[in-house]
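Structure record follows, encoded as structure tokens.
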């Protein structure tokens with residue numbers, strides 16, 4: 001692709017480094033900015049840079065935060081006795097958007113994956129254990145909201161072992177046929193497991 | 206959508222203002238930047254801002270340019286006798302990428318559209334006329350590469366009238382069935398016109 005200006009070429013180059021954005025889309029975005037008000041570009045650039053340079057991580061749950069303690073850890077409205085363990089902060093955003101969970105979180109910062117050289121010591125597991133050990137009020141339940149993959153299962157298994165000495169309930173988010181999905185298009189492993197792990201029918205679903 | 210940080214919310218807000226990018230995609234892009242090196246974000250922000258603030262327009266053809274005269278106008282390898290008239294600079298990039306055109310350009314900066322309140326005086330038409338009048342060597346051909354829409358046709362008609370006193374050939378890019386397209390899926394207006402405007406068969410296509 002040829003560009004009439006080095007500035008455009010450079011901007012397209014940078015934008016097309018973003019995931020899922022090719023040169024053509026990058027050019028479209030860049031030309032859009034060029035046609036819009038200068039303030040738009042400045043606000044975009046400033047927003048990205050402020051985010052990248054000023055972002056902090058919560059000292060307690062390791063979620064992204066604007067201060068040393070995130071809003072969820074700081075909130076008195078959230079249940080202190082339940083911790084939901086997730087792989088990374090997009091998972092927190094996803095769970096928060098369901099409006100179905102009112103406890104606290106713990107962000108591992110990854111998942112145990114020997115192939116990628118990620119062991120338990122690379123993750124925020126020790127801080128979870130000491131958080132549970134020192135917590136007052138005492139933690140009653142840890143929900144493992146990890147991806148249903150081999151690595152997720154390995155991490156869940158490791159966490160269960162590490163936490164077995166504490167008197168708490170360890171649960172895992174339900175796996176099965178997605179709501180709105182059609183049985184005939186569900187993969188056989190999910191469908192098979194959903195039959196094995198069948199539940200007593202309840203009217204509220 | 207709820208965000209754990211005001212910085213993320215702001216960045217997502219700015220990114221999702223780009224055309225074709227929704228909140229979910231914006232969040233994915235923002236989280237990608239957050240996981241990448243700080244330099245990546247800085248380079249992206251700098252690239253966009255430099256483009257927006259330092260871009261210039263060629264004094265002759267009104268294409269985007271790094272200096273007062275664009276590379277194409279400056280080039281001695283391009284044919285001086287042919288000017289291709291386009292609506293806007295993305296069209297220049299599109300035609301350049303075909304590698305089939307070796308003349309100069311003239312960017313109108315828009316198209317005559319009474320509904321949008323854009324008349325001939327809003328466009329770079331006078332500068333095209335004076336460019337043709339003053340050109341040495343004399344301009345032999347003007348190619349109208351405008352969109353095959355009502356506005357494109359209106360603009361082409363107006364330009365033809367304005368340029369009729371000059372001794373030059375005025376041509377228009379070919380319209381018809383797109384190469385690689387299937388006849389049965391071609392819209393009836395295009396197909397109908399392509400039959401009316403049929404050409405003597407030539408072996409080289």
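Protein chains in written order, with the numbering used here: chain S, 1 to 205; chain E, 206 to 410. Note that the Cβ used here is the ideal one computed from N, Cα and C, for glycine as well. None of the values given here were measured: they were computed from a predicted structure.
Here the region 337–349 of chain E makes no contact with the region 315–323 of chain E; the two share fewer than three CB pairs at distances below 8 Å. The alpha carbon of residue 254 (chain E) has as its nearest neighbour, out of S:39, S:192, S:25, S:146, the alpha carbon of S:39.
DSSP, reduced to helix, strand and coil, places residue 323 (chain E) within a strand of the structure shown. Against chain E, the beta carbon of residue 180 (chain S) has no neighbour under 9 Å; the closest one sits roughly 17 Å away.
One finds 241, 245, 248, 249 in chain E with Cβ atoms closer than 9 Å to the Cβ of residue 17 (chain S), taken in chain order. Scanning its chain for C-beta atoms nearer than 6 Å, with the 5 sequence neighbours on each side dropped, one finds around residue 311 (chain E) the residues 266, 288, 290, 333, in chain order. Taking CB atoms only, residue 336 (chain E) has no neighbour in chain S less than 8 Å away. Per DSSP, reduced to three states, the secondary structure at residue 56 (chain S) is strand.
Nearest in C-alpha terms to residue 272 (chain E), of all of S:142, S:104, S:7, S:166, is S:7.
Spatial neighbours of residue 283 (chain E) in its own chain (CB-CB distance under 7 Å, excluding positions within 5 residues in sequence) are listed in chain order as 277, 307, 308, 309.
Residues of chain E with a Cβ closer than 8 Å to the Cβ of residue 6 (chain S) are, in chain order, 271. Not flagged as an interface residue toward chain E: residue 60 (chain S), since no C-beta distance is shorter than 8 Å. When secondary structure is reduced to three states using DSSP, residue 163 (chain S) falls in the coil class, being assigned neither helix nor strand. Membership of residue 7 (chain S) in the alpha helix (DSSP H) is indicated by the continuous run 6–15.
Put simply, the backbone Cα of residue 96 (chain S) is about 48 Å away from that of residue 354 (chain E). Here residue 266 (chain E) carries a coil assignment [DSSP, helix/strand/coil].
Taking each of S:201, S:187, S:142 in turn and checking the Cα distance to residue 167 (chain S), the smallest one comes out for S:142. Under the three-state reduction of DSSP output, residue 387 (chain E) falls in the coil class, being neither helix nor strand. Distance check between residue 209 (chain E) and each of S:32, S:89, S:36, S:147 places S:89 closest, using alpha-carbon atoms only. The three-state reading of DSSP puts residue 128 (chain S) in helix, counting H, G and I together.
Collapsing the DSSP output to three states places residue 276 (chain E) in a helix.
Using a Cβ-Cβ cut-off of 8 Å, residue 216 (chain E) is close to 47, 48, 50, 51 of chain S, given in chain order. Put simply, the backbone Cα of residue 219 (chain E) is about 49 Å away from that of residue 401 (chain E). Within chain S, the residues whose beta carbon sits less than 7 Å from that of residue 295 (chain E) are 31, listed in sequence order.
Bridge pairing for residue 236 (chain E): absent [DSSP]. Residue contact with chain E for residue 100 (chain S): absent (no Cβ-Cβ distance below 8 Å to any residue of chain E).
Taking residue 381 (chain E) as reference, the option from E:375, E:370, E:374, E:393 with the minimal CA-CA separation is E:393. Residue 29 (chain S) is positioned such that its CB atom lies closer than 8 Å to that of residue 223 (chain E). A direct Cα-Cα distance of roughly 19 Å separates residue 330 (chain E) from residue 270 (chain E). Beyond the five residues adjoining it in sequence on each side, residue 183 (chain S) comes within less than 8 Å, by CB distance, of 177, 191 in the same chain, given in chain order.
Beta-bridge pairing by DSSP links residue 106 (chain S) to S:85.
Using beta-carbon distances, residue 27 (chain S) counts as an interface residue toward chain E, with a partner under 8 Å. The beta carbon of residue 59 (chain S) lies closer than 7 Å to those of 68, 69 in the same chain, with the five residues before and after it left out.
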